[in-house]
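>
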Amino acid sequence: MGLSETDVAKQIQHMIAFIQQEAAEKVEEIEAKAEEEFNIEKSRLVSQQRIKIIEYYDKKEKQIELQRKIQHSNLANASRLSILKARDDYVQALKEEARKQLTILTQDRSKYPTILANLIAQGLYLLMEKEVSIRCRRNDRDLVQQLIPEAIQRYKQDLKQNDIKVTIDEKNFLADESAGGIELFAMGGKIKVSNTIEARLAMIFNQILPEIREKLFGVNQNRKYHD
Amino acid sequence: MLQSRGITDLLAAEKKAQELIEEARKRKNKRIKDAQNEAKSEIEQFKGERDQRFKSLEQQQMGNRAQMTEESNKQTQVQIGSLKAEYEATKDNLLERIITLVCDIKPESHINARIE
Numbered sequence: 001m002g003l004s005e006t007d008v009a010k011q012i013q014h015m016i017a018f019i020q021q022e023a024a025e026k027v028e029e030i031e032a033k034a035e036e037e038f039n040i041e042k043s044r045l046v047s048q049q050r051i052k053i054i055e056y057y058d059k060k061e062k063q064i065e066l067q068r069k070i071q072h073s074n075l076a077n078a079s080r081l082s083i084l085k086a087r088d089d090y091v092q093a094l095k096e097e098a099r100k101q102l103t104i105l106t107q108d109r110s111k112y113p114t115i116l117a118n119l120i121a122q123g124l125y126l127l128m129e130k131e132v133s134i135r136c137r138r139n140d141r142d143l144v145q146q147l148i149p150e151a152i153q154r155y156k157q158d159l160k161q162n163d164i165k166v167t168i169d170e171k172n173f174l175a176d177e178s179a180g181g182i183e184l185f186a187m188g189g190k191i192k193v194s195n196t197i198e199a200r201l202a203m204i205f206n207q208i209l210p211e212i213r214e215k216l217f218g219v220n221q222n223r224k225y226h227d
Numbered sequence: 001m002l003q004s005r006g007i008t009d010l011l012a013a014e015k016k017a018q019e020l021i022e023e024a025r026k027r028k029n030k031r032i033k034d035a036q037n038e039a040k041s042e043i044e045q046f047k048g049e050r051d052q053r054f055k056s057l058e059q060q061q062m063g064n065r066a067q068m069t070e071e072s073n074k075q076t077q078v079q080i081g082s083l084k085a086e087y088e089a090t091k092d093n094l095l096e097r098i099i100t101l102v103c104d105i106k107p108e109s110h111i112n113a114r115i116e
C-alpha cells in the first residue's frame, strides 16, 4: 500500500499548491514584463514624435524670424529710396528755380545785352567759320542784330581774319518761353553751337552738382575717398 | 478511486494555472497596445502646446509688422522734412552761385588759333 490516504491527499495538496504558486509567479513575471514593455514602447513612440514636432515648429519659427528680417530689410530699402527720390526732387526744383530766375534776368535790359554779346562772341570763336547763322528768340531779334557788328569786330581783331558773315535766321526762332541765349549754325546747319541760357544752365548745373549736393545734403558719410 | 480524484484535482489545478497564465499574457498584449494610444494622446498634448506657442508668436509678429512699417514711415517723413528745411536755407545761396556762373561768359579764341 505504501502511503496512507492522508499522506496521498497531503502530497496532492502540496502539488496543487506548487502548481498554483508557480502559476502565480509566472503571472507576476508576465505582468512585470508587460509594464516594462508598456513603458518602453510608450516612451519610444513619444520621444520619436516629439523630435519630429520640435523640428517642425523650430523650422516654422525660423521662417517667421526670416520674414521679420525680410520685412525689416524691405522697409529700410523703401525708406532709402524715398529719401533719395526726395533729394533728387529738390535738386531738380533748384534747377527749375534757376531757370526761372534766368528767364527773368533776360528781361533786364541792363544785364542781358552784355550776356548776349558774350554768347555771340563765344559762339563765333568756337565755330571759326566764314558763314554763321544765328537763331534767337523772336523778342531778342532786334537786340541780337544790334550786337552782331561788335562781336564781328572782336572776332576779326583777335584772329586777324576778315572773312566772316553773320546773319540771323529769320525763318526759325527759339521758343518764346525759353530762357534766352542763341544757337549758332555753320555749314548750312551741319555744325551747331548751342549757346542758349538753358544749355549753359544744364552744363554748369551738372558741373557743380557735387557742390550742390554737398551744400544741400551735407557731406556724404558713406564716401571713403575724396581726392 | 482516491488516486483518480487526486489526479483530477491536479489536472484541474494545472488547467487553472494555464488559464491564469493565458489571461496574464492577454493582458500583457493589451497593455502593450495601450502604450500606443497613451503615447498618442501624450504626443497630441505636446503638439497642442507647441502649436499654441507658435501661434502666439505668429500673432505677435503680425502686430510688430504693422508697427514696424509705421515706425519706418514716420522716420522717413522726418528725414524728408529736414531735407526741405535744408533746401530752403541754402537755396538762395546756391541760386546766386549758379546764376553768376551762367552769366559769367568769357569768350576766348582757341589758343592754337591765336596769331601772336
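In order, the protein sequence lines correspond to chains R and X. Note that the UniProt record's numbering has the first sequence beginning at 1, numbered continuously upward. Note that the UniProt record's numbering has the second sequence beginning at 1, numbered continuously upward. Cβ atoms here follow ideal geometry from the backbone N, Cα and C, with glycine treated the same way.
Determine the burial state of residue 166/R: buried for a count of at least 16 other Cβ atoms within 10 Å of its Cβ, exposed for fewer.
Burial of residue 166/R is indicated by the presence of at least 16 other C-beta atoms within 10 angstroms of its C-beta.
> Going along chain X in order, which residues have a C-beta closer than 7 Å to the C-beta of residue 70/R?
Within chain X, no residue comes near residue 70/R; the closest Cβ sits about 11 Å away, beyond 7 Å.
> Do we get a CB-CB distance below 8 Å when we pair residue 146/R with the residues of chain X?
no
> Alpha carbon to alpha carbon, how far is residue 49/R from residue 58/R? Give it in angstroms, no decimals.
Here the alpha carbons of residue 49/R and residue 58/R stand approximately 14 Å from one another.
> Check each residue of the stretch 209-225 of chain R: if its Cβ is closer than 9 Å to any Cβ of chain X, include it; give the result in chain order.
Here the close residues are 211, 212, 215, 216, 217, 218.
> Quick test of the definition: if touching needs 3 or more C-beta pairs under 8 Å, does the stretch 117-125 of chain R touch the stretch 78-87 of chain X?
no
> Restricting to runs no shorter than 3 residues, where is the beta strand (DSSP E) found entirely within the stretch 40-74 of chain R?
DSSP assignment within the stretch 40-74 of chain R yields no whole beta strand (DSSP E) run of 3 residues or more.
> Using three-state DSSP, classify residue 192/R as helix, strand or coil.
If DSSP states are grouped into helix, strand and coil, residue 192/R belongs with the strands.
> Please report the straight-line C-alpha distance between residue 102/R and residue 149/R, rounded to a whole angstrom.
25 Å
> Can you have a look at residue 142/R and say buried or exposed, based on whether 16 or more other CB atoms are within 10 angstroms of its CB?
Answer is exposed; the Cβ neighbour count stays below 16.
> Could you say which of 64/X, 63/X, 57/X lies nearest to residue 61/R if we only look at CA atoms?
57/X
> Taking a Cβ distance cut-off of 8 Å, strictly less, list which residues of the stretch 30-58 of chain X are near chain R, in chain order.
31, 32, 34, 35, 36, 38, 39, 40, 42, 43, 46, 47, 50, 51, 53, 54, 57, 58
> Return the Cβ separation of residue 95/X and residue 211/R in integer angstroms, given the expectation that the two are a contact with Cβ distance under 8 Å.
About 13 Å; that fails the 8 Å criterion.
> Around the Cβ of residue 218/R, are there at least 16 other Cβ atoms within 10 angstroms (buried) or fewer (exposed)?
exposed
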